[in-house]
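Each remark here refers to the structure printed beneath this line.
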Amino acid sequence: MDILSNLNPQQKQAVTAGDGRVLVLAGPGSGKTRVLTRRVAYLIEHMQVPSYGILAMTFTNKAAREMKARVETMLGPNARGLWVGTFHSVCARILRQQVAHLPFSSNFVIYDADDQKRLMKQVLKDLAMDEKTNRPASMLNYISHAKNNLVLPDEFTPTNYRERIVKPVYERYQNMLQVNNALDFDDLLLWTVRLLADNAEVRERYAHGFQHILVDEFQDTNMVQYEILKLLSYANGNLFAVGDEDQSIYRWRGADYRNVMRFEEDFPNCQKILLEQNYRSTQLVLDAAQGVINQNSNRTPKHLFTQNARGAQVILHEADDDQGEAQYVVDSIRRQMRNGAKGSDFAIMYRTNAQSRRFEEAFLHAGMSYTIVGAQRFYGRREVKDIIAYLYLIHNPADELNLSRVINVPPRKIGGKSQENLAIAARDAGLRQQAVLLDLAQHKDKSPYWARMGRGAPALTNFGRLLNKWQTKAATEELPALFDTILEDIGYHMHLDDGTEEGESRWENVQELRKQAYEYRERGLSEFLENLALVSDQDTMQDNGDSPTMLTLHASKGLEFSQVFITGLDEGLLPHSRSFDDPEEMAEERRLLYVGMTRARKQLYLVRAEQRFTYGQPSYSQPSRFLAYIDEDLIQQDGTKKSGLRFSSSFTSASSWEKPASKSKRWTSNTTSWRRKSKSANEDAPRKAPPMRSEPIRKKKETDGAWNLKRRTLNKPAAKQTSKRAPTAAPRAVDTQYKAGMKVSHAKFGPGEVRESGFDETGEEVVKVYFSEQDREIKILTSFAKLDIIE
DNA sequence: TTGGTCCATCTTTTT
DNA sequence: GATGGACCAA
204 MDILSNLNPQ QKQAVTAGDG RVLVLAGPGS GKTRVLTRRV AYLIEHMQVP
254 SYGILAMTFT NKAAREMKAR VETMLGPNAR GLWVGTFHSV CARILRQQVA
304 HLPFSSNFVI YDADDQKRLM KQVLKDLAMD EKTNRPASML NYISHAKNNL
354 VLPDEFTPTN YRERIVKPVY ERYQNMLQVN NALDFDDLLL WTVRLLADNA
404 EVRERYAHGF QHILVDEFQD TNMVQYEILK LLSYANGNLF AVGDEDQSIY
454 RWRGADYRNV MRFEEDFPNC QKILLEQNYR STQLVLDAAQ GVINQNSNRT
504 PKHLFTQNAR GAQVILHEAD DDQGEAQYVV DSIRRQMRNG AKGSDFAIMY
554 RTNAQSRRFE EAFLHAGMSY TIVGAQRFYG RREVKDIIAY LYLIHNPADE
604 LNLSRVINVP PRKIGGKSQE NLAIAARDAG LRQQAVLLDL AQHKDKSPYW
654 ARMGRGAPAL TNFGRLLNKW QTKAATEELP ALFDTILEDI GYHMHLDDGT
704 EEGESRWENV QELRKQAYEY RERGLSEFLE NLALVSDQDT MQDNGDSPTM
754 LTLHASKGLE FSQVFITGLD EGLLPHSRSF DDPEEMAEER RLLYVGMTRA
804 RKQLYLVRAE QRFTYGQPSY SQPSRFLAYI DEDLIQQDGT KKSGLRFSSS
854 FTSASSWEKP ASKSKRWTSN TTSWRRKSKS ANEDAPRKAP PMRSEPIRKK
904 KETDGAWNLK RRTLNKPAAK QTSKRAPTAA PRAVDTQYKA GMKVSHAKFG
954 PGEVRESGFD ETGEEVVKVY FSEQDREIKI LTSFAKLDII E
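In case it helps, our numbering puts the first sequence at residues 204 to 994.
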C-alpha cells in the first residue's frame with residue numbers, strides 16, 4: 204500500500220513534512236488519524252527513522268491502540284518497537300525505568316481520583332480540618348493546579364487566605380503519597396518533568412533516543428505535558444503536533460488550548476498546516492456547527508468544507524420533560540430501525556452522566572438493547588476496587604490507604620478502634636502497619652504489639668496471617684491463582700451474595716476482573732495493576748454489536764455516527780450552570796457542543812426538555828442559548844404538540860403558551876436568566892411550581908425496591924397527566940438599561956425601536972433594535988456602540 | 001463492632 | 001435518587 208495514496212494536498216504536506224516542528228490544525232473529520240499514522244509510516248519507510256526512535260503520544264489508550272494497529276497493518280513487523288502510548292502511561296514507564304533518580308521505589312502505585320479523595324479526607328482528618336468548609340474536591344483542585352504548574356508543596360507560596368489554608372494540606376497530602384509509595388495522575392507528569400529537567404544524563408538519553416515525537420489532540424495538553432514534549436524533543440527538534448483548538452474540552456483538567464498558540468510562539472519557524480476538508484459530515488451539519496463555534500475568539504479561524512452532499516436539516520425537538528425527551532429519541536431510533544437502519548448508526552449524547560438514566564429506561568421499556576459508555580466506571584465499582592486494593596497491598600506493602608480500605612472488608616471485626624490502635628502502634632515503632640500485622644501473625648501473643656491491640660488483637664493477627672500467605676504466594680504463583688486464593692480466603696463471594704440481583708452482578712464484575720487478571724498471567728501483578736490504573740472506560744468500551752450508543756459529549760470526541768442526538772440543550776445543562784460566570788468556561792461549553800455536533804455524518808438532532816428532574820426534584824429551564832447561533836434555515840422543528848399523541852391530552856394549558864418558534868423569540872426567553880446561575884430562579888422554580896407528581900412516600904427500601912421503582916416510572920407516563928405547566932418566569936437578575944419599545948437612535952443606523960434587551964454571557968447588555976431606515980433588526984452591544992435614548 | 005436508619009449534600013466533564 | 005456521614009441499638 205502506498206503511504207501517500209488517497210491524501211489531499213494538505214494531508215500530503217503534513218505526512219511528508221521534513222524534520223523540525225510541525226503544527227497541524229485539523230478540523231473535525233479532516234482525516235487527522237490518517238495523517239498521524241501515515242506520518243509514522245512515512246518516517247519509517249521514507250526517512251529511515253527506526254521504529255524505536257519514534258514516540259507517539261495520545262490521550263486515551265484506545266487512540267494509542269488504534270494508532271499502533273493501523274501502523275502495523277501498513278508496515279507489518281517494521282512497526283515493532285514503536286513507542287505509542289498515553290501521556291500517563293509513557294510517563295509511568297519512564298519513571299519506572301529511572302526510579303533510581305526518584306524519591307520513591309519501583310513498585311509505586313498509582314492513585315486514581317477515588318483514591319485521591321480518600322487520601323485527602325484522611326489528610327483533613329489528620330489536620331483536624333473540617334470537611335464541610337474545606338471540601339476535599341476543592342483542595343485537590345488547588346493541588347492539581349499547583350502540580351500542573353510544576354509547583355511542589357515547598358515552592359507553594361500562598362498569595363491569599365484560601366491558599367494559606369491549602370498549603371499545609373498540600374504538604375501533608377504529598378507527604379502521605381510518598382509514605383504510601385504512591386503517585387497521583389498529576390505526579391506521573393510532574394515527576395517526569397522534574398526527572399528530565401534536573402537530570403541531564405537521563406534527559407539526553409531520552410531526547411536522543413526519540414528522533415521524532417508525534418502528539419495527538421495537542422489542544423488538550425496542559426502545561427506539564429507541553430513541557431514534557433519540549434524536553435523530550437529538544438535534542439532533535441522533531442515535534443509533530445496535531446490538534447484543533449475548537450475541540451479543546453478538558454480545560455477543567457488543566458488542558459490549555461493556548462498551547463497551540465504557544466507552540467507557534469515558541470517555534471516561529473514551525474510549519475503550520477490547516478486541514479479543513481471534512482470527510483465525515485454533510486455540509487449542513489458543518490454549517491450548523493460552525494455557527495456555534497464561530498462565536499468563540501482566540502482561535503485559528505477555519506473554514507470547514509466538504510464534498511459530501513448538503514444533507515438534511517438539523518432536527519430540533521422540544522419535549523415537555525425529560526421523559527418525553529427520552530421517548531422522542533428512542534421512538535425516532537426505533538422507527539428508523541424498523542425501516543432498516545442499524546442500531547449502531549445512532550448515538551445519544553448528553554452533558555452529564557446523570558442524564559443517561561432516562562434513556563436507559565426508555566430503551567428498556569421499548570425492549571431495545573443499547574451500549575453505554577462510561578457512566579458507572581467498571582474500575583470504579585466498589586467490588587472491583589476492593590479486590591484491586593488487595594492486590595495493591597500485596598504489591599506495595601507501603602500502601603496504607605488501600606490497607607485501610609479493605610482491612611475490614613468483608614467485616615472481620617477490625618473496627619475503627621482496632622485500626623486506630625494499629626496505626627498508633629506502627630507510628631510509635633516507626634514501622635509500616637503491614638509490618639506490625641506480619642509481626643503479630645508471626646509471634647501471636649508473644650508479639651510486642653499484641654497487648655496494644657486490645658480486643659482486636661486476634662482479628663488483626665488473623666489478617667496478618669492472610670497477608671503473609673498472599674505475599675508468599677505472590678512470589679511463587681501466577682496471578683490468577685493468587686487472585687483466586689484471595690477471593691477464597693476472604694469469602695468474597697459469600698460477602699457479595701446477598702440474594703439480590705445487584706449482589707449477583709457484583710460477583711459477575713469480580714469474575715470479569717478475574718478474566719483480565721488471567722490475561723496478565725504472563726506479565727504479572729505489577730503490570731496488571733499499572734494497566735488498571737491507567738485504563739479508562741472509553742478504552743474498555745466494548746462494541747456492543749448493533750445497538751445505539753449513549754455517551755457524554757466529552758466521551759464522543761474522536762468518534763462518529765451516522766445520526767447523532769444531542770440532548771439536554773437547556774440553559775444550566777448545556778451550557779452547564781457552572782460555566783455561567785466565566786467566559787472561558789462558556790467558550791468551552793460551546794466547543795463541547797461543537798464537538799458533539801461534528802460527530803454526525805448524516806443527521807443531527809438537537810433535543811431539549813422544558814422540565815426535568817434534578818436531584819429528584821422537577822425543575823424548569825430555558826432553551827440553550829447556543830441554539831440561537833444556529834441559522835434558522837438549517838433547522839427543522841419537530842414539534843411534540845402536533846405529532847406527539849402521548850401528550851396531546853396531558854397539557855391542556857400547553858396551547859395557550861406558545862412555544863418560542865423564531866430565533867429572536869428564543870433569544871429573548873433567555874435574557875432573564877442569563878446573568879448568572881440565577882440562584883433565585885433555581886430555588887424559586889420548584890417552590891412556585893406545584894409538585895409535578897405526588898410521589899408516594901417510600902418509607903423504606905425493600906430489597907427489590909429499586910426494581911419496583913424503575914418499573915413504576917416506566918409504566919407511568921400517565922402520572923404526569925395531571926400536571927400543569929407552571930409559569931416559567933424567572934426573576935430578572937438585573938434590569939436592562941434599554942427596554943422593549945424604547946425609541947433610540949444610532950449614529951450609523953439612524954432611528955430605531957428596541958425590540959428586546961438582555962445580557963450576554965459576559966454580562967454585557969445586548970439589545971435588538973429595529974432600524975426603520977435599514978428595515979431590519981440589528982443586535983447591538985450597548986457598551987460598544989452608542990445608542991441614544993430618544994423616548 | 002455491626003448494621004440499620006436518618007440526614008444532608010450533591011453532579012460537569014476523566015487520564 | 002445516590003451516596004456518605006452521623007447516630008444508635010444490639
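A virtual CB, placed ideally from N, CA and C, is assigned to each residue, including glycine. Note that this is a predicted model, so its numbers are computed, not measured.
Buried versus exposed call for residue i [16 or more other C-beta atoms within 10 Å across all chains shown]
i              : result
serine 822     : buried
glutamine 839  : exposed
asparagine 605 : buried
glutamate 959  : buried
tyrosine 255   : exposed
lysine 649     : exposed
serine 559     : buried
histidine 411  : exposed
lysine 982     : exposed
leucine 990    : buried
histidine 415  : buried
Residue i - containing beta strand (DSSP E), residue span
i              : result
lysine 805     : 803–817
isoleucine 416 : 415–418
lysine 475     : 474–478
glutamine 766  : 764–769
lysine 446     : Going by the sequence as given, residue 446 is glycine instead of lysine. Its beta strand (DSSP E) spans residues 442–446.
lysine 946     : 946–949
arginine 455   : For the sequence presented, residue 455 should be read as tryptophan rather than arginine. Taken as a continuous stretch (DSSP letters only), tryptophan 455 belongs to no beta strand (DSSP E), as it is neither H nor E.
tryptophan 710 : Premise fails: tryptophan 710 lies in the alpha helix (DSSP H), 704–722, not in any beta strand (DSSP E).
alanine 259    : 257–261
aspartate 991  : 990–992
Continuous alpha helix (DSSP H) stretch holding residue i: start and end
i             : result
leucine 837   : Careful: leucine 837 lies outside any alpha helix (DSSP H) and carries neither H nor E.
glutamine 820 : No alpha helix (DSSP H) holds glutamine 820; the beta strand (DSSP E) holding it covers 820–823.
valine 302    : Looking at the DSSP string, valine 302 is not in any alpha helix (DSSP H), and its letter there is neither H nor E.
alanine 229   : Here alanine 229 belongs to no alpha helix (DSSP H); instead the beta strand (DSSP E) covers 225–229.
aspartate 222 : No alpha helix (DSSP H) contains aspartate 222, which DSSP labels as neither H nor E.
arginine 647  : First, the residue type needs correcting, since residue 647 is lysine and not arginine in the sequence shown. Where lysine 647 is concerned, there is no enclosing alpha helix (DSSP H), given that its DSSP letter is neither H nor E.
Beta-bridge partners of residue i, as assigned by DSSP
i              : result
aspartate 524  : Gln814
alanine 385    : Val312
tyrosine 553   : Thr755
glutamate 980  : Tyr973
valine 957     : Val972
valine 287     : Ala259
asparagine 425 : Ala458
isoleucine 575 : Met753
glycine 775    : His779
Alpha carbon of residue i to alpha carbon of residue j, nearest angstrom
i                 : j              : result
alanine 565       : asparagine 712 : 25 Å
asparagine 209    : glycine 279    : 20 Å
isoleucine 476    : leucine 239    : 13 Å
histidine 304     : alanine 403    : 12 Å
alanine 385       : leucine 640    : 21 Å
threonine 752     : arginine 802   : 13 Å
arginine 283      : alanine 720    : 25 Å
asparagine 624    : glycine 618    : 10 Å
histidine 291     : leucine 737    : 7 Å
phenylalanine 974 : serine 824     : 32 Å
leucine 285       : asparagine 462 : 26 Å
serine 827        : glutamate 774  : 5 Å
methionine 342    : isoleucine 591 : 26 Å
methionine 323    : aspartate 687  : 32 Å
arginine 709      : arginine 815   : 30 Å
arginine 408      : valine 243     : 21 Å
glycine 667       : threonine 336  : 38 Å
- Message: When you compare the stretch 536–548 with the stretch 492–507, are there three or more beta-carbon pairs, one atom per stretch, that lie closer than 8 Å?
- Response: no
- Message: Under 8 Å, with one C-beta from each stretch per pair, do the stretch 389–403 and the stretch 429–448 reach the 3-pair mark?
- Response: yes
- Would you be able to state if there are at least three C-beta pairs under 8 Å between the stretch 350–360 and the stretch 369–386? yes
- Message: Check whether the stretch 524–533 and the stretch 503–514 are in contact - that is, three or more C-beta pairs closer than 8 Å.
- Response: no
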